[in-house]
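As structure tokens, the structure follows; a few thoughts come after it.
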Amino acid sequence: MSVDIQTVKRVAHLARVRVTDDEAKSFQSEINAILGFVDQLNEVDVSGVETMTSVLPMAMRKRADAITDGAKAEAVVANAPATEDNFFLVPKVVE
Amino acid sequence: MTELTALTIAELRDTLGRRQASAVEVAEAYVAAIEAANPSLNAYVAVTPDKALDMARASDARIAAGEARPLEGVPLGIKDLFATEGVHTQAASHILDGFKPGYESTVTANLWADGAVMLGKLNMDEFAMGSSNETSYYGPVVSPWRSEGSNAKIVPGGSSGGSASAVAAHLCAGATATDTGGSIRQPAAFTGTVGIKPTYGRCSRWGTVAFASSLDQAGPIARTVRDAAIMLKSMASVDPKDTTSADLPVPDYEQSIGETVKGLKIGIPREYRVEGMPEEIEKLWQQGIDWYRQAGAEIVDISLPHTKYALPAYYIVAPAEASSNLARYDGVRYGLRVECDDIIDMYEKTRAAGFGREVKRRILIGTYVLSAGYYDAYYVRAQKVRTLIKRDFELAFEAGVDAILTPATPSSAFGIGAMADADPVEMYLNDIFTVTVNMAGLPGLAVPAGLDSSGLPLGLQLIGRPFDEQTLFRVGQVIEDAAGSFAAPKWW
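Quick mapping for you: the protein sequence lines, in order, are chains A and B. Residues in the first sequence are numbered consecutively from 194, following my numbering. Residues in the second sequence are numbered consecutively from 169, following my numbering.
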């Protein structure tokens, strides 16, 4: 399978990465090289093979549903580029 | 007396224990070595001399009180992927500009609890995506190694290139590293150092910047097999904060070193004899086989038929998981932000400015293979192939194989910029021998085994049963004993 330039731009938008036309073009050829390489997986007969969900058999441990941390609003926003009163600031999203 | 920075971790432990040097003297020697070398090697992205000296002073107090812990006073470098409280943690990416976490990763917390001293943060490929340490926002790391008769700069491998270069150049006694497709073992092989990717789940992933969560594992890069064993013992733990960390006791790995390998079965997988493999690699592998025969191990030919599909399956699974993990870098909660009036514009421009090319390409591939209509054809199929890859190994181990011997890389290190015009798949082929191990969740150890005709290091890889790192250390020591150790001549 291969991708066209529109698909590259659509995927870039889905991934929220702005690309220029030139970048889209070079990503297109690189992505197609990789898709060409992974095409060989179609040679493998995977009928009846289980899809891997966990690389080693492990029972998921669950912790008690208890509050163990929190009340650290200042620490949570400490690295944010823009904050006010311990809230993250973003451009206006509702009219 | 030998230079303090020339001592291995095991030697340092004895030297400090006998009070032949203080932890502060050792830390000062390393800080001076880093200052002198880093302008040439670019191995560290942040040096923390004050922290190192504070920690060393605390270690000296412990030693004086007879309360030394297993890594007391041992200066380590930390890959920039591990969260270190209040210290530069940016995964060598522009998008994490200025990020200083308010918490410590479990792996580094374990090391400090055992008395280790932090020297600083080590350069790496951006978000651990790369095999040459050329994708770092902070510029490429230079290997201390050079081809004979040449001044050309050589890559240390990647993504843990800063870790490998720093260990090889004696800019730390040992380093933390991570391995998603070969990022510990390939740079170790390129720099004549020892690196182990433990079994998936052996070390907690908490506080380690995520790349591909089902493949990522932390491990050490060190100068000797014994040093790697000492470090892994401290790094590994079960952790309530990582449900995939294994609830198994951590053995004293060092005790396995020196045990005989007589009677052990070493598997040689025929599928690793890949087309176009340089004769030197083939010879090195045969040399390894001969060493094991001489040591009394039994050599058995094995087959891992799905080997060739590991790399293509990896290049679906890893980017898919990365595209999801890296969605968190949005310019809102941390790091870089490109201000815009519209929020979608802000996301897109922030991520365009903050991520490097290799990272963007993997995000795009990952987004594509997970997008509607392609999920089954790519992702699900790759995860099924992964089941088959793992089964290949299980069958070999069920047949009685104790460890599998392969080359670590298909070549020695190449020059910086040498792969600039190559298609991405060519760079990915660096991981052809290592990536199978991540896909199957197994432990893999890279040990230096010789030099090629131009004087650059080459390594062999040993693959073990799940959670049987002990056997790898025991078996790996045979290579080290036979091959000796390799040090880069100092030019910096």
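Just so you know, even glycine gets a beta-carbon here, dropped at the ideal spot from N, CA and C.
Cβ-Cβ distances below 7 Å link residue 332 of chain B to 324, 325, 355, 356, 358, 359, 361, 389 in the same chain, with the five nearest sequence neighbours on each side left out; the list follows chain order. DSSP places residue 451 of chain B in the uninterrupted alpha helix (DSSP H) bounded by 447-462.
Residue-level contact by beta carbon fails for residue 259 of chain A and chain B, as no gap is shorter than 7 Å. Going by C-alpha positions, residue 264 of chain A is about 37 Å away from residue 205 of chain A. As for any beta strand (DSSP E) of minimum length 3 sitting wholly inside the region 220-271 of chain A, there is none.
When beta bridges are read from the DSSP output, residue 423 of chain B appears opposite no residue. Sequence-distant Cβ neighbours of residue 561 of chain B in its own chain, meaning closer than 7 Å and more than five residues away, are 472, 608, 610.
A Cβ-Cβ distance of about 6 Å is found for the pair residue 305 of chain B and residue 261 of chain B, placing them in contact under the 8 Å criterion. For residue 272 of chain A, the nearest beta carbon of chain B is closer than 7 Å to its own beta carbon. With 16 or more other Cβ atoms inside 10 Å of its own Cβ, residue 209 of chain A counts as buried.
Sequence-ordered contacts of the region 226-259 of chain A with chain B read 226, 227, 230, 231, 233, 234, 237, 239, 242, 243, 244, 245, 248, 249, 251, 253, 254, 256 [C-beta pairs closer than 7 Å]. What residue 480 of chain B touches in chain A, judged by beta-carbon distance under 7 Å, is 230, 231, 233, 234, going in chain order. Within a 10 Å sphere around the beta-carbon of residue 174 of chain B sit fewer than 16 other beta-carbons, which makes this residue exposed.
With distances taken between CA atoms, residue 589 of chain B lies nearest to A:222 out of A:285, A:222, A:244, A:194. Closest by C-alpha distance to residue 474 of chain B, out of B:442, B:211, B:313, B:456, is B:442. Residue 546 of chain B is classed as buried because its beta carbon has at least 16 other beta carbons within 10 Å across all chains shown. Proximity of residue 287 of chain A to chain B, defined by a Cβ-Cβ separation below 7 Å, is not satisfied. With fewer than three CB-CB distances shorter than 8 Å, the region 368-386 of chain B does not count as touching the region 613-630 of chain B. DSSP places residue 182 of chain B within a helical segment (H, G or I) once states are collapsed to three. A straight line joining the alpha-carbon of residue 334 of chain B with that of residue 343 of chain B spans about 8 Å.
Judged by beta-carbon spacing, residue 645 of chain B lies beyond the 7 Å limit of residue 457 of chain B, meaning their Cβ atoms are not closer than that value. By the Cβ-count criterion, residue 280 of chain B is buried, with 16 or more other Cβ atoms from all chains shown falling within 10 Å of its own Cβ. Here DSSP, grouped into helix, strand and coil, assigns residue 280 of chain A to strand. In the DSSP assignment, residue 489 of chain B falls within the alpha helix (DSSP H) that extends over 478-493. By the rule that beta-carbons nearer than 7 Å mark a contact, residue 551 of chain B touches chain A. A distance below 6 Å between beta-carbons, with the five flanking residues on each side excluded, links residue 327 of chain B to the following residues of its chain, in chain order: 292, 293, 296, 298, 351. For residue 280 of chain A, no Cβ of chain B is located within less than 7 Å of the residue's own Cβ. Looking at the DSSP output, residue 286 of chain B sits in a beta bridge with B:244. Of all alpha-carbon atoms in B:346, B:417, B:243, B:236, the one lying nearest the alpha-carbon of residue 194 of chain B is that of B:243. In summary, the residues of the region 267-284 of chain B whose CB is separated from some CB of chain A by less than 9 Å are 267, 268, 269, 270, 271, in the order they occur in the chain. Under the Cβ criterion of 7 Å, residue 268 of chain A is counted among the residues facing chain B. Chain-ordered, the chain B residues with CB closer than 8 Å to the CB of residue 224 of chain A read 529, 532, 533, 536. Within a 10 Å sphere around the beta-carbon of residue 289 of chain B sit 16 or more other beta-carbons, which makes this residue buried. Interface with chain A (7 Å Cβ-Cβ cutoff): residue 520 of chain B is included.
In this structure residue 349 of chain B is in contact with residue 603 of chain B, their Cβ atoms being roughly 4 Å apart against a cut-off of 8 Å.
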